[in-house]
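Numbering (the numbering used here), first residue to last: 107 to 680.
Notes follow the structure.
Shown next as structure tokens:
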């Protein structure tokens, strides 16, 4: 699974002075150019996200920003390389109260392509309780928009080669979601987004299997998608919009979800009343609130001596961090300050817990290591957003423990579909019996699937490619080795199956890096240039079992149990 974070201007000044609470000169010159995002701080190799989601309704709020994105493209604007995935949607929450979305499909697709998005989401209209009287109309409109976008996308090779589109399903109960998903599959979508679930209950223990809960909807649509995949041998990706709930990750894995987005852990740093700072152990702490007097509407009318007390609170907190004052001395100052600005008295207990445990000192993330105690101070965007980056990092570590980033890949084949048009890579190679066996044994696994092409290098299973006639040469090996060294950096585990020069590439990458690469078939068969289909099928079964073993036990068991349960309840759902 991949985690996308929404882009909501969450940038910080990299040279912000925490002692004087002042921005750098570069910030004032051009904040869009000189302020930094989470990926600039952590570095692309270790950033705790897999992609970015940009909502159109959000960016049109700022005309200058919107203009820059249209001129530069999303990757350049965000200072991200072209291979870092960026998804675009229209931001349905921003027009939820309008009769119809304010965008048209044709100009939306052009906008996606002009901006350089990797994924473009069809225009949907939210179906939530406050608008249930319009549910049928919004449901039909969402599907009509999806159909129109798919037909338009297929009409030009330029569109096919520029972007992958995602068809959105909306609904008010499980049945309406399932009906929408079936229609999206019939239209031809292989990436389906489930919208309108951000505020739905989790519902892991729901007795009513048709009510709109996250678990009910995901389980329900997976029945139809899994059946479709079994019948057509076509892989379908699923994106769930607006959710990041750790307790749901095993279920999402077991039900074929390949991506999701959420900013909840980031924004909890300043929106949560108490749980502003997360830890790897699962414990949450309250940040110490010391608002900036001259900027806070809550304290701006208080007498000037508040500013002196504010400075004293900051100074004492830093001295406490250095072990130079006691917790009691610090709490006296904080309590006096809290009383003056009108903080609720029960906050004292939460502060004591935070200060006794000093969680920022134990955290290995770059934020806590860099700014130390400043991360626990609830004060201004430059601290609060950095704490949000820390929270996002904590969530991502938990997420990756449950759902490691696994890549499985094989080599391209000489036998190909001769279709002269652009078609997905997996369909290009499916005429080969060897590739067909690989595909049928991996398409249902919660992993990323790649193909090492002699012509195009390492490509995603869904990349649109033309027909070609080229075999890998010895001279290509070092080129592909360097390419894979770069592309495989962020994977926790990698599996390759293949022979010949393609295997040599994988072997050299394994030898020259510390990447966890498992190569098949095993050594006793590597002297062969190719295997017959019977022997290859045996090797692929071993390959699949090794991949399955790399999936965390908890997730694998839940996946197996859920599939069995779904088979037993198939008749009732349909």
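Beta carbons: idealized from backbone N, C-alpha and C, even for Gly.
Per DSSP, which one or two residues make a beta bridge with residue i?
i           : result
residue 270 : 225
residue 275 : 300
residue 391 : 383
residue 159 : 112 and 193
residue 530 : 570
residue 564 : 558
residue 514 : 555 and 601
residue 144 : Answer by DSSP bridge pairing: none, since residue 144 is not bridged.
residue 123 : 128
residue 625 : 602
residue 484 : 395
Kindly indicate which three-state DSSP category residue i falls into: helix, strand or coil?
i           : result
residue 112 : strand
residue 599 : strand
residue 663 : With a pLDDT of only 48 at residue 663, under 50, the local geometry of the prediction cannot be trusted, and no value is derived from it.
residue 233 : coil
residue 166 : coil
residue 396 : coil
residue 615 : helix
residue 130 : coil
residue 657 : coil
residue 541 : helix
residue 500 : helix
residue 136 : coil
residue 674 : Residue placement at residue 674 is poorly supported in this model, since its pLDDT is 41, which falls under 50; the coordinates still yield a value, given next. Residue 674: helix per DSSP, three-state reduction.
residue 118 : strand
residue 367 : strand
residue 429 : coil
residue 519 : coil
residue 153 : coil
I'd like to confirm something about residue i: is its beta-carbon nearer than 7 Å to some heavy atom of the ligand ADP, or not?
i           : result
residue 557 : In the structure on display, the ligand ADP does not appear, and there are no ligands present to speak of.
In chain order, what residues of the same chain have a beta carbon less than 7 Å from the beta carbon of residue i, not counting five sequence neighbours either side?
i           : result
residue 83  : Because the chain spans 107 through 680 in this model, residue 83 falls outside it and cannot be assessed.
residue 355 : 505, 508 and 509
residue 288 : 330
residue 561 : 574 and 576
residue 442 : 415
residue 657 : 552
residue 183 : 174 and 175
residue 177 : none
Taking buried to mean at least 16 other C-beta atoms within 10 Å of its own C-beta, is residue i buried or exposed?
i           : result
residue 638 : exposed
residue 647 : exposed
residue 429 : exposed
residue 596 : exposed
residue 362 : buried
residue 181 : buried
residue 367 : buried
residue 305 : exposed
residue 532 : buried
residue 168 : exposed
residue 448 : exposed
residue 267 : exposed
residue 113 : buried
residue 319 : buried
residue 358 : buried
residue 150 : exposed
residue 276 : buried
residue 640 : exposed
Residues in the same chain with beta-carbon distance under 6 Å from residue i, minus the five sequence neighbours each way, listed in chain order, please.
i           : result
residue 121 : 130
residue 390 : 381 and 384
residue 471 : 496 and 499
residue 343 : 297 and 364
residue 291 : 334
residue 549 : 341
residue 247 : 231
residue 171 : 165
residue 489 : 480 and 483
residue 244 : 231 and 233
residue 559 : 518 and 565
residue 611 : 583, 586 and 587
residue 542 : 536
If you drop the 5 nearest sequence neighbours on each side, which residues of the same chain put their C-beta closer than 8 Å to that of residue i?
i           : result
residue 437 : 454, 457, 458 and 461
residue 352 : 501, 504, 505 and 508
residue 196 : 161, 162, 163, 207, 209, 214, 227, 229 and 230
residue 294 : 256 and 260
residue 321 : 308, 309, 310, 312, 354 and 357
**Message:** I'd like the ranges of any alpha helix (DSSP H) spanning at least 4 consecutive residues and lying wholly in the region 284-365.
**Reply:** 320-338 and 355-360
**Prompt:** What alpha helix (DSSP H) runs, 4 residues minimum, are completely inside the region 169-225?
**Reply:** 169-178, 180-183 and 211-221
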